[in-house]
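Once you know that position 36 of the sequence shown is 35 in numbering that gives the first Met the number 0, the rest is easy, because the numbers rise by one and skip nothing.
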Amino acid sequence: MAFDIEMIKSVYTNMAKRVDGAREVVGKPLTLSEKILYSHLWDGEPSKAFKRGKDYVDFAPDRIACQDATAQMALLQFMQAGKPKVAVPTTVHCDHLIQAKSGAAVDLKVANKTSAEVFDFLESVSNKYGIGFWKPGAGIIHQVVLENYAFPGGMMIGTDSHTVNAGGLGMVAIGVGGADAVDVMAGMAWELKFPRLIGVKLTGNISGWTSAKDVILKVAGILTVKGGTGAIIEYFGEGAKNLSCTGKGTICNMGAEVGATTSTFGYDDSMERYLRATDRNDVADAANMVREYLTADDEVYANPGQYFDELIEIDLNGLRPHLNGPFTPDLATPVGKLGVKAKENGWPIQVDWGLIGSCTNSSYEDLSRAASIAKQAVTKKIRPKSDFGINPGSEQIRYTAERDGLLETFEKLGATVFTNACGPCIGQWDRSDLKGDEKNTIVHSFNRNFSKRADGNPNTHAFVGSPEMVAAIAISGKLDFDPMHDTLINEDGEEVKLDEPMGIELPPLGFAVEDAGYLEPDEDGSGVEVKVSPTSERLQLLNPFAPISPEELQGVKLLIKAFGKCTTDHISMAGPWLRFRGHLDNIANNTLIGAINAFNKRTNLVKNQLTGGYGGVPDTQRAYKAAGIKSIVVGDHNYGEGSSREHAAMQPRHLGVAAVLVKSFARIHETNLKKQGMLGLTFANESDYDKIQEDDTFNFIDIADFAVGKPLTLEVVHADGSKDTIIANHTYNESQIGWFKEGSALNVIKRENAV
Ligand code: MIC
Ligand code: SF4
């Protein structure tokens, strides 16, 4: 039986009326995305048509999911909101804080010890406020959500950018910062700019070496890391119907890598099969009753050009497997063409590791496809040339894969089976084969491959591919290996070829698990005590941020002008820093240490305008803070790309950065800045970026008139006394200006709850 089935049934009860009402106000057939959005309006019945990409709309999501690395800050904020219980079903999943080293048994024990304080905190806060708690080892948030909570036609938010994975089961599932989740936990509306809609029509069928992953690797190549910003990607067509549910999840998952708000697929037989296989006949039966509301109207898919803002068509018959990378997930290269590219660019051909796992590709089907390749290495006597690491997506998947012999196949190859957790995908990897910052290549089935992400080494070239392709490349040990055409030499000196992968969509004997790792919260948690030690180095209760006054916005110093890609990993690095995710002051010591200073092209070395000397970014910023001076960060396009972590906004805020001025923002990060009462601005004229000099001081001359739709004027005073005037655009609406004026969105909630 499914969790929260009554909630799901009530969504379906309302659906028909609301969708029919929306079709009337919009005045034309509806896409699936619109059906879900319009049936989740905070105000209930649709009464007007929203302008895509323009109107801010209040929504009422059905549920929330948080993972351990972001839940700490989200729940520390929720604790301040003054509510006894969360208003909608919420879960917390412990998956990011477990380091991969020796294998699951040892690693999990170590994590339970080293992060005991954080896990205990999360468990007790969850218990107190009525939140379902998934213990360390239970699995990666998005696989656990897909297996237990996602349902067609539903809307959820999650404090992780890959929340979008649940689109594989026909949801509109959106990654947000913790402060957004707090709004919904506190029983308030959740605001989003009504998204643009990108349609992706899939014709033909995937077969052979091509997998669902290759669909999104291809889309990433087309849209690039920012092409999906502000949009929902809706997949449809015969090719979509023929993909498995978890394959659809893979595609939606990596929609985060093109900046998409989310991605989704219409309800179909593959979803029904998956629901039934994961013990949710009740959801499948309920969904079947409203089936036509859980996909777009027929006219839409018949004439997609008329209903989507942008349309992409991919013929799956002609789609080849890809490997994307290094350093960015949108650098797409068909397998077989990588050799030439690698030589041109000096990427090491030798592959040291093949890693299979992450929320993107750790389903039973994924493991079975990769295992079908691994098995051949054993039977055809090919000694693998790279090391193998596997992270199953959940305990249920692990248990079932072990029962069915899949894990044994990997172990025969010498693979290490790590905990059911994020592991190397988020830099939780104690990689022992490297001595220093050696140049090397790894292949993995994850979604992100930014510099330093997996192992902290800036010279690790990481390539993203399907699990089966990762297995094949890792066995060959060569980046330029093309299993469709090339042969390998086995231990008997014979030339052998790998056969095409064979996957099993759902375990023929059914899923099984002994202890899934779930803890139900107490019915009445009011007596539960949540302890945070004042001397803890990992947890710190929050103090409200003071509003930034117009006076403080005169004489603002440039902290850093970031050059090129500046992702949330650059702004608030993960890996070893994950341990401080619940302690704002401690984690602030990593603020922007990965960003490249445009003036010297170095990381973590900026000019301190007070002394004229150079220092680390956090130290320099702390010096400005001590002197009572606010500062500004300047950046390039898609600033804040990647994670949902609100630390990337809270840390600069805590240290006294008042504004971030960039060419463009990634959606979640821009919202996170607004929520924390900062100014997130974009250059009206992009080339003004070039006018910013190292010793600049900024005066926000018209900040007192901060208003909706009115750009701000910044006077930039250079070291020689000369001045430039820069116009900065913003997307703040009335209530967001309120957050700025009161210091943060949380301050507003607190005030409203107090009366
Ligand atoms: C990631 O994949 O980068 C993370 C770690 O899951 C993040 C969340 C975080 O930083 O905690 C995400 O994608 O939102
Ligand atoms: Fe975890 Fe990686 Fe997925 Fe983020 S992308 S949730 S770190 S597995």
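Even glycine gets a Cβ: it sits at the ideal position worked out from N, Cα and C.
- Distance from S269 to L293 at the Cβ level is roughly 13 angstroms; contact not present, criterion being Cβ atoms closer than 8 angstroms.
- A Cβ closer than 5 angstroms to some heavy atom of ligand 1 marks a residue here, and those residues are A68, T69, D159, S160, I425, S642, S643, R644.
- As DSSP reads the structure, W576 sits in no beta bridge.
- Taking 8 angstroms as the upper bound for CB-CB distance, I474 and A376 are in contact here, some 5 angstroms apart.
- Straight across, the Cα-Cα distance linking R537 with W576 is about 10 angstroms.
- Cβ neighbours of N448 within its own chain (closer than 8 angstroms, five residues either side excluded): N323, G324, P325, F326, T327, P328, A461, F462, V463.
- Annotated as proximal: H443 and L354, with beta-carbon spacing under 8 angstroms.
- The Cβ-Cβ distance between I667 and A80 does not fall below 8 angstroms.
- For a cut-off of 8 angstroms, the C-beta gap from F697 to V715 is around 6 angstroms, short enough to register as a contact.
- Across the structure, L366 and T359 are spaced so that their CA atoms are roughly 12 angstroms apart.
- Across the structure, D403 and P507 are spaced so that their CA atoms are roughly 9 angstroms apart.
- Looking at the DSSP output, M184 bridges to nothing.
- Excluding its 5 nearest sequence neighbours in each direction, L540 has C-beta neighbours in its own chain below 6 angstroms: V531, listed in chain order.
- If you compare the alpha carbons of P320, V659, D481, E640 with that of K560, the shortest gap goes to V659.
- By a beta-carbon distance limit of 8 angstroms, S262 contacts I232. Their separation comes to about 4 angstroms.
- Separation of G655 and A648 (C-alpha to C-alpha, rounded to the nearest whole angstrom) is 11 angstroms.
- If you check the CB distance, P60 and H92 do not come in under 8 angstroms.
- In this structure, the C-beta of S393 stays at least 7 angstroms away from each heavy atom of ligand 2.
- For C565, the shortest separation between its Cβ and any heavy atom of ligand 2 does not lie below 7 angstroms.
- Beyond the five residues adjoining it in sequence on each side, D296 comes within less than 6 angstroms, by CB distance, of P28, L29 in the same chain, given in chain order.
- Positions of the beta strand (DSSP E) runs, each at least 3 residues long and wholly inside the segment 538–583, are given as 555–560 in order along the chain.
- Spatial neighbours of A373 in its own chain (CB-CB distance under 6 angstroms, excluding positions within 5 residues in sequence) are listed in chain order as T408, F409, L412, A470.
- Shown here, T245 sits in a helix according to DSSP, grouped into three states.
- Taken through DSSP and simplified to helix, strand or coil, A461 comes out as strand.
- In the three-state reduction of the DSSP assignment, K200 falls in the strand class, which pools E and B.
- Under the 10 Å beta carbon count, R452 is surrounded by 16 or more other beta carbons and is classified as buried.
- In the DSSP assignment, I595 falls outside any alpha helix (DSSP H) and carries neither an H nor an E.
- Taking every protein chain shown into account, the CB of S9 has fewer than 16 other CB atoms within 10 angstroms, so this residue is exposed.
- For Y128 and P520, the gap between their C-alpha atoms comes out near 8 angstroms.
- By the neighbour-count criterion, in which a residue is buried when 16 or more other Cβ atoms sit within 10 angstroms of its Cβ, T610 is exposed.
- Exposed is the label assigned to W41, since fewer than 16 other Cβ atoms lie within 10 Å of its Cβ.
- For a cut-off of 8 angstroms, the C-beta gap from V350 to I472 is around 6 angstroms, short enough to register as a contact.
- The DSSP assignment places 394–402, 405–411 as complete runs of the alpha helix (DSSP H) inside the segment 376–457, in order along the chain (cut-off: 4 residues).
- The beta carbon of S46 lies closer than 7 angstroms to those of V24 in the same chain, with the five residues before and after it left out.
- The beta strand (DSSP E) runs lying completely inside the segment 34–72 and spanning 3 residues or more are 55–58, 62–66, given in chain order.
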